[in-house]
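Numbering (this note's numbering), first residue to last: 2 to 426.
Beta carbons are placed, not taken as given, at the ideal position from N, Cα and C, and that holds for glycine.
The structure presented is a predicted model; accordingly, all values stated were derived computationally and were not measured.
Below you'll find the structure, written out as structure tokens, and then a few comments.
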């Protein structure tokens, strides 16, 4: 498993089938909800030159559900956690949601992770069931399309130009945004506004304000770092509209949401000009931006090298090899592995692998454990600490004709399916 990467739709749709295979073998792909929304938007478009057709959506969906992929929880949940004092601003790894804390018969503590709506949507896309997929995320889609009014957002901040008449570059946008947010006089108003926007339960809203008061009315950047991070993006984006550095094209608002998930990756990749200009100012020193065209070229180079090394790989690109970057210091993927996996050193390039044989005893033990677990009460905003968790189980629905979640590339009934498994509604 390689460095964690987030791709926007422009980078993802540019990849061929083979390049998607390599992406999943060389990187740990984190899928933010906004990517699924963007794909849905393309399906709903009239046929346009730059939109994804249904065949391409099926192709991408078949590679977006992999054992080494992650579906990040929606940023709104992470904002609440941040305001409650549980913060992941420096995570650099995916944060998954929908978990139930449980205890098994031996007293071991674990989490059972349920399928998110976005994962259900992708699973339906795999089968070409686009209407059912849309139902799963229809509410989220409506919230996007109904709330985008960039002209109103521009007017809201227009008076800033009285204080700062000129702003000619994106770095300056961030500087101005931080000066506005860090104004001690504005802290209460900022908190009140975000609580109104998030619409949490009244008791939760009260707890947030009480925490802020009890901790001495800290500045937002100290009180809730992840919330502060997203706020910088929002304010800088609106300022970009004011100063004409960002256009009022509605898709720019959706594109800006990808940046809310930057703390949960090592690498962000996009071919979009807006992202190329706007994203780098929010990346930390330990993060990287890769132009989507450069990523595609690098994966294409690795494919050519693979096919030159071993002709047999052309026969089965689905699953039968493991891969590490080639020993080429000019390769982007090589550089990313060296940067984010410091203990890694080039050795083997690829290996033929056999699918693991089924371990019926292990499967039986897991089934028994999961049938005897009891749910235990926990605060959904509590910090997830690896050392305190003994196991994680994924509670996903899958049909015999779906792609197997083990990552083999085969359909479930020809891979890990057990005839004794019980169907669910």
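Range covered by the alpha helix (DSSP H) that runs through residue 29: Segment 29 to 32 is the beta strand (DSSP E) holding residue 29; no alpha helix (DSSP H) there.
Can you give the Cα-Cα distance for residue 16 and residue 271, rounded to whole angstroms? 12 Å
Bridge partners of residue 292, per DSSP? In DSSP, residue 292 forms a bridge with 271.
Within 10 Å of its beta-carbon, does residue 338 have 16 or more other beta-carbons around it, so buried, or fewer, so exposed? Buried.
Suppose you measure from the CA of residue 328 to the CA of residue 6; what does that come to, to the nearest Å? 21 Å
Rounded to the nearest angstrom, what separates residue 331 and residue 289 at their Cα positions? 16 Å
Residue 336 versus residue 90: straight-line alpha-carbon distance, rounded: 24 Å
Does DSSP classify residue 426 as helix, strand or coil? Because residue 426 sits at a pLDDT of 44, beneath the cut-off of 50, its placement in the model cannot be relied upon, and the following sentence gives the value as read from the coordinates. Looking at residue 426 - three-state DSSP - the assignment turns out to be coil, as it is neither helix nor strand.
By Cβ distance, which residues of its chain are closer than 7 Å to residue 154, with the 5 residues on each side in sequence left out? Contacts found: 239 and 242.
By DSSP, does residue 375 sit in helix, in strand, or in coil? strand
In the structure shown, what three-state DSSP assignment does residue 93 receive? Correct three-state label for residue 93: coil.
Distance between residue 191 and residue 294 (C-alpha atoms, nearest Å): 39 Å
Check whether the stretch 222 to 234 touches the stretch 244 to 251, taking contact to mean three or more Cβ pairs, one atom from each stretch, closer than 8 Å. no
Using CA coordinates, which residue listed in 186, 76 and 298 is at the minimum distance from residue 97? Considering only 186, 76 and 298, the residue with the shortest C-alpha distance to residue 97 is 76.
Please classify residue 3 as buried or exposed, where buried requires at least 16 other C-beta atoms within 10 Å of its C-beta. It is buried - the Cβ of residue 3 has at least 16 other Cβ atoms within 10 Å.
Helix, strand or coil at residue 104 according to DSSP, with G and I counted as helix: strand
Can you check which of these residues, 71, 196 and 306, is closest to residue 8 by C-alpha distance? 71
Could you tell me which residues DSSP puts in a beta bridge with residue 1? This structure cannot settle anything about residue 1, because the visible part of the chain is limited to 2 through 426.
In terms of residues, what are the limits of the alpha helix (DSSP H) holding residue 204? 203 to 215
What do you get for residue 264, buried or exposed, if any count of 16 or more other CB atoms within 10 angstroms of its CB means buried? buried
Flag this pair as touching only if the stretch 173 to 185 and the stretch 205 to 213 have three or more C-beta atom pairs under 8 Å; answer yes or no. no
Suppose the cutoff is 6 Å on Cβ atoms and the five residues either side in sequence are ignored; what does the same chain contact list for residue 88 look like? 226 and 227
Integer-rounded CB distance, given that residue 303 should sit under 8 Å from residue 171: With 8 Å as the limit, residue 171 and residue 303 do not qualify as a contact, their Cβ atoms being about 32 Å apart.
Which residues does DSSP pair with residue 78 in a beta bridge? Residue 78 pairs with nothing; no bridge assigned.
Tell me where the alpha helix (DSSP H) around residue 8 begins and ends. Premise fails: residue 8 lies in the beta strand (DSSP E), 5 to 8, not in any alpha helix (DSSP H).
Buried or exposed: residue 429, going by 16 or more other Cβ atoms within 10 Å of its Cβ? This structure leaves residue 429 out entirely; the chain is present only between 2 and 426.
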